[in-house]
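Just so you know, we're using the numbering used here here: the sequence shown kicks off at 5 and counts up by one. Cβ coordinates follow ideal geometry from the N, Cα and C atoms, glycine included. Since we're looking at a predicted model, the values are computed, not measured. Encoded as structure tokens, the structure appears first; notes follow it.
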Amino acid sequence: MAVGRNVEVAVPPEQAFEKVMAAMASIGKVEESNPTTHSLVGKARYGFNPVRLRITVLSGAQAGTSVIEIGGKGQDVWGAAPRKVIDKLLAAIK
Numbered sequence: 005m006a007v008g009r010n011v012e013v014a015v016p017p018e019q020a021f022e023k024v025m026a027a028m029a030s031i032g033k034v035e036e037s038n039p040t041t042h043s044l045v046g047k048a049r050y051g052f053n054p055v056r057l058r059i060t061v062l063s064g065a066q067a068g069t070s071v072i073e074i075g076g077k078g079q080d081v082w083g084a085a086p087r088k089v090i091d092k093l094l095a096a097i098k
């Protein structure tokens, strides 16, 4: 099941992308990254469930802010694994 979340942060997109890359590397691994479009694909585990995250960092409404769009897909029916991995990623970013 696919799960998504958008989070606004008070840093520019370039800095937010670097934070997201470091956080993804700390909880799992970065499979693909594109610094030009500020997007990446990462993989992490929740228990025995592998979860793939697709993350894009966009410019926020205010100057100097960013919006992080996170989409997660796991193998469980209820979507608990992607939600928990997204929570773990957001905790690692802060």
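Where residue i falls: helix, strand or coil (DSSP)
i	result
K23	helix
I67	Reading the sequence as shown, one finds Ala at residue 67 and not Ile. In this structure, A67 counts as coil in the three-state DSSP scheme.
C-beta contact flag for residue i and residue j at 7 Å
i	j	result
L44	V55	no
P16	H42	no
First through last residue of the alpha helix (DSSP H) which encompasses residue i
i	result
V89	A84 to I97
Contact with chain C by residue i, beta-carbon distance below 7 Å
i	result
G75	Among the protein chains of the structure shown there is no chain C, as only one such chain exists.
Bridge-paired residues (DSSP) for residue i
i	result
I72	V11 and V61
V45	E36 and R58
7 Å Cβ shell around residue i - same chain, five flanking residues per side excluded
i	result
M25	V34, S37 and L44
S63	P17 and S70
Close beta carbons around residue i, own chain, < 6 Å, minus the five adjacent residues each side
i	result
K88	Y50
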